[in-house]
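In full-length UniProt numbering, the protein residues as written are 1 to 470.
We put the CB at the ideal spot given by N, CA and C, even for glycine.
Worksheet: the structure to be examined is printed underneath.
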Ligand SMILES: Nc1nc2c(c(=O)[nH]1)N[C@H]1C(S)=C(S)[C@@H](COP(=O)(O)OP(=O)(O)OC[C@H]3O[C@@H](n4cnc5c(N)ncnc54)[C@H](O)[C@@H]3O)O[C@H]1N2
Ligand code: MOO
């Protein structure tokens, strides 16, 4: 969950006509249509996975048409499960050995076993005197500092000044803190309170012995884990490697700089998706702009060595929508071909190789975000062996209209205990999501005011780990 009350985007109420203005005509029509065919009577998941893998839908021209145009869309929860399952079924990627500095946010591929006792020597826990036997003690010249050579042994009745972290000389029975002792004439040291045997000494192996398992396989590498690993003697860690993602931005109408003009628009997805995928734990190996060139798309897909290819645009059935025909031509397996979610229903997931998947995001920018969170997020999470976040719900401050059959993902701001639906949440708009804390999962038919809805956090609100905005 996130801090609330920090956002300025205007919320949209259900009775507010502008909330409907945000929607495409098609969406608005779907909202007012009565529920018709039941899309919820699904076969089981394995069956659908198998079915989704067999593209058998052809239009009158004999060309395969996207499934979302044929009402065969996968339900939203099922699409997420299929994406995670696909990653788990992909050829296993070998564990990587990475420097500690590069391991943050990854998951351990092997148990972390102590390479050394911790502490690795009897250590003074305080600044003061190392004392041997009962006092008063005769204080030796000099002192023992952290990192210094092993000091001479002490015999009963002797003391030596010692610093926190220094090795405790043989024969020492306790460390007397500076504030618990005073020196008198002839360097005699007297305790001002009780000292017990072993006091303020951290004995070797107190935290662990060499070979002890400190953390199991599957542990998320947090800053604390990095600290523990370093303390236990590690320079590198065996981790599940960061999934590599490549972004292919399609569309001849896209500009990479300057103002929109003459029907050309700025590419909003290239700049957004690369950092977003990094926040989701991927290493983005390339962002390539291919225009609407089927050959270039085919070449880019077949030569990519990424674990996940993300395409943007070209998923529908338009004249230059090359994603489906290209996937068909290269013999990719369509695992999800259209999802019953708004926006974003033309999104797709394909297996291009045994160890490579492709997520096709629709071109409308908020539809692309929907595809990213529906398909790419669970796939990347499973590839990186990250556990699924605990789902959580919050009540809606205002009712939200639903789609007749499909789930809706609606940007919300979290204010106090409420999720507040935001304006400017049409499929082609990013203005709402840019001020959102989360996306609310609105079930088919809509949600009343006060209904507790599942929320998908936007990853920069909670992740922290692995975030790299560079
Ligand atoms: N006959 C039908 N047409 C469409 C349907 C449908 O069901 N039947 N669905 C509509 C929906 S919903 C969406 S979403 C889009 C998905 O289309 P594509 O994935 O093929 O995307 P494009 O046509 O390439 O682009 C759609 C829209 O988005 C703009 N766009 C594309 N890329 C970018 C980018 N990188 N940055 C900013 N904007 C981008 C593009 O210019 C178009 O305006 O299909 C509908 N059609
Ligand atoms: O539903 Mo489309 O909204 O723009 O994917």
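Ligand 1 heavy atom lying under 8 Å from the CB of residue 251 = As a working note, residue 251 is residue 251 in the chain shown. Yes, the Cβ of residue 251 comes within 8 Å of a heavy atom of ligand 1.
Given 8 Å as the limit, is there contact between the region 213 to 222 and the region 163 to 177, that is, 3 or more CB pairs closer than that?
-> no
Proximity winner among 138, 407, 137 and 172, relative to residue 153 (alpha-carbon distances) = Translated into positions along the chain shown, residue 153 becomes position 153. Closest by alpha carbon: 172.
Euclidean distance between Cα positions of residue 440 and residue 411 | As a working note, residue 440 is residue 440 in the chain shown. As a working note, residue 411 is residue 411 in the chain shown. One C-alpha to the other measures close to 6 Å.
For residue 311, write down the residues that DSSP places opposite it in a beta bridge.
-> Numbered from its first residue, the chain shown carries residue 311 at position 311. Paired residue(s): 248 and 360.
Relative to the alpha-carbon of residue 87, which residue among 378, 365 and 76 has its alpha-carbon at the smallest distance?
-> Position 87 of the chain shown, counted from the start, is the residue given in the question as residue 87. The option with the nearest alpha carbon to residue 87 is 378.
Could you name the residues whose beta carbon sits closer than 5 Å to any heavy atom belonging to ligand 2, keeping them in chain order?
-> These are the residues, in chain order, with a beta carbon less than 5 Å from any non-hydrogen atom of ligand 2: 343, 344, 345, 362, 364, 367 and 427.
Give the DSSP-derived three-state secondary structure of residue 97 in the structure shown.
-> Start at 1 with the first residue of the chain shown, and residue 97 comes out as number 97. In this structure, residue 97 counts as strand in the three-state DSSP scheme.
What residue range is occupied by the uninterrupted beta strand (DSSP E) comprising residue 455?
-> Along the chain shown, read from residue 1 onward, the residue named residue 455 stands at position 455. It spans 452 to 457 - the beta strand (DSSP E) in which residue 455 sits, taken as one unbroken run.
Segments assigned beta strand (DSSP E), at least 3 residues, entirely inside the region 100 to 135 | The DSSP assignment places complete beta strand (DSSP E) segments of no fewer than 3 residues inside the region 100 to 135 at 128 to 131, in order along the chain.
For ligand 1, any of its heavy atoms closer than 8 Å to the Cβ of residue 268?
-> The residue given as residue 268 occupies position 268 in the chain shown. True, at least one ligand heavy atom lies under 8 Å from that Cβ.
Whether residue 247 touches residue 279 by CB criterion (9 Å) | Position 247 of the chain shown, counted from the start, is the residue given in the question as residue 247. Position 279 of the chain shown, counted from the start, is the residue given in the question as residue 279. Not in contact: residue 247 and residue 279 (Cβ atoms no closer than 9 Å).
Can you have a look at residue 242 and say buried or exposed, based on whether 16 or more other CB atoms are within 10 angstroms of its CB?
-> Residue mapping note: residue 242 aligns to position 242 of the chain shown, counting from 1. Answer is buried; the Cβ neighbour count reaches 16.
Smallest Cα separation from residue 271: which of 369, 419 and 106?
-> By 1-based counting over the chain shown, the position of residue 271 is 271. When only C-alpha atoms are compared, the closest one is 369.
Would you tell me roughly how many angstroms separate the C-alpha atoms of residue 416 and residue 317, rounded to the nearest one?
-> Counting from 1 along the chain shown, the entry for residue 416 is found at position 416. Counting from 1 along the chain shown, the entry for residue 317 is found at position 317. Counting only the Cα atoms, residue 317 lies some 43 Å from residue 416.
DSSP beta-bridge partners for residue 261?
-> Here residue 261 refers to the residue found at position 261 when the chain shown is read from its first residue. Answer is 264, bridged to residue 261.
For residue 150, does the three-state DSSP call read helix, strand or coil?
-> Here residue 150 corresponds to residue number 150 of the chain shown, with the count starting at 1. Of the three classes helix, strand and coil, the one that applies to residue 150 here is coil, per DSSP.
Quick one: residues in its chain with C-beta nearer than 7 Å to the C-beta of residue 204, no 5 flanking neighbours on either side, listed in chain order?
-> Taking the chain shown and counting its residues from 1, the one referred to as residue 204 is at position 204. Contacts found: 117, 119, 120, 121 and 122.
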